[in-house]
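Each residue of the sequence shown is one higher than the last, beginning at 134 in the working numbering. Worksheet for the structure shown next.
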Amino acid sequence: MARKKRNSGGGLRGDEWMATYADTVTLLLTFFVLLYSMSSVDAEKTKGIANAFVSMMSGQSGDSLLQFNLYNGEVPLIGGESEENFDGGEELTDQQKMFNTIKEFVHNNNLQDVVEIVDDERGVAMQLRDNILFETSSSDLREDSKAILNQLNTIIASVSNPVLIEGHTDNRDINTSRFPSNWELSADRAVNVVRYFVEVLGQDPKRFSATGYGEF
């Protein structure tokens with residue numbers, strides 16, 4: 134049964150295709166890091182960037198993922214002034230180059246067992262299961278996960294694009310003193326990933342933003 138995402142605080146929306154996406158994959162949590170070209174999207178249009186989901190790894194239903202979506206060229210906008218899609222021209226060529234570069238990076242750094250690379254019309258994604266990064270119902274980064282983020286930081290550092298990290302959860306209820314709902318957990322995890330990239334790895338905080346979504 135399809136579920137629509139609820140806009141959480143300053144969250145970004147893309148309800149029409151999100152409903153279709155939710156039919157095929159159940160996630161506890163998904164982080165999305167969108168790297169999009171500043172030359173193609175101005176500061177105002179940035180507010181309207183879609184949650185451009187891509188196909189998940191097969192055979193991982195019920196697993197949470199850390200997903201990095203990297204975009205070249207013009208990004209399709211929903212809720213902004215434009216809703217144009219990739220035209221299949223130069224953007225797709227640049228995207229394929231990025232896909233090949235990331236795939237080679239993952240292979241050279243022996244990350245094949247923890248990182249999956251997916252390429253579709255909306256961009257290139259790096260996907261990780263959340264249990265690599267967090268313990269159950271926790272937003273604290275596991276110590277052994279930081280080495281992976283350190284390696285992925287090489288890719289983020291190689292471009293100057295803005296980075297958006299989003300937390301998404303399904304309908305598994307969370308109700309603790311620290312996390313009254315799924316929103317708090319997903320948002321806190323997203324923020325902690327941002328903090329690690331900024332405070333520990335020295336990335337420019339102006340490049341990063343974080344958003345948390347509940348199960349709706």
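Glycine residues also receive a C-beta, built at the ideal position from the N, C-alpha and C atoms.
Asked                                                                                                                                                                                                     : Found
Alpha carbon to alpha carbon, how far is residue 240 from residue 290?                                                                                                                                    : 18 Å
Using 8 Å as the cut-off, can you tell me whether the stretch 276-285 makes contact with the stretch 314-321, which would need three or more C-beta pairs spanning the two stretches below that distance? : no
Does DSSP put residue 344 in a helix, a strand or coil?                                                                                                                                                   : strand
Go ahead and pull the three-state DSSP assignment for residue 334.                                                                                                                                        : coil
What is the residue span of the alpha helix (DSSP H) that residue 318 lies within?                                                                                                                        : 315-328
Output the distance between the C-alpha atoms of residue 245 and residue 236, rounded to the nearest integer angstrom.                                                                                    : 9 Å
Let me make sure I understand the geometry here. Which of 296, 305, 310 and 309 has the alpha-carbon closest to that of residue 367?                                                                      : Residue numbering for the chain in the displayed model covers 134 to 349; residue 367 lies beyond these limits and cannot be assessed.
With DSSP run on the structure shown, which of helix, strand or coil describes residue 282?                                                                                                               : helix
Compare the C-alpha of residue 326 against each of 308, 307, 347 and 267 and name the closest.                                                                                                            : 267
Going by DSSP, what residues sit across from residue 312 in a beta bridge?                                                                                                                                : Per DSSP, none; premise fails for residue 312.
Whose C-alpha, out of 231, 309, 232 and 286, is nearest the C-alpha of residue 333?                                                                                                                       : 286
My output table needs one value for residue 307: the three-state DSSP class, helix, strand or coil.                                                                                                       : coil
In whole angstroms, what is the alpha-carbon distance linking residue 344 and residue 252?                                                                                                                : 23 Å
Thinking just about the alpha-carbon of each residue, which of 338, 227, 306 and 330 is nearest to the one in residue 270?                                                                                : 306
Would you call residue 293 buried or exposed, if buried means 16 or more other Cβ atoms sit within 10 Å of its Cβ?                                                                                        : exposed
Among the residues of its own chain, which have a CB less than 8 Å from the CB of residue 330, if the five just before and after it don't count?                                                          : 282, 286, 289, 296, 336 and 341
Once DSSP output is grouped into helix, strand and coil, what is the label at residue 296?                                                                                                                : strand
Can you have a look at residue 356 and say buried or exposed, based on whether 16 or more other CB atoms are within 10 angstroms of its CB?                                                               : This structure cannot settle anything about residue 356, because the visible part of the chain is limited to 134 through 349.
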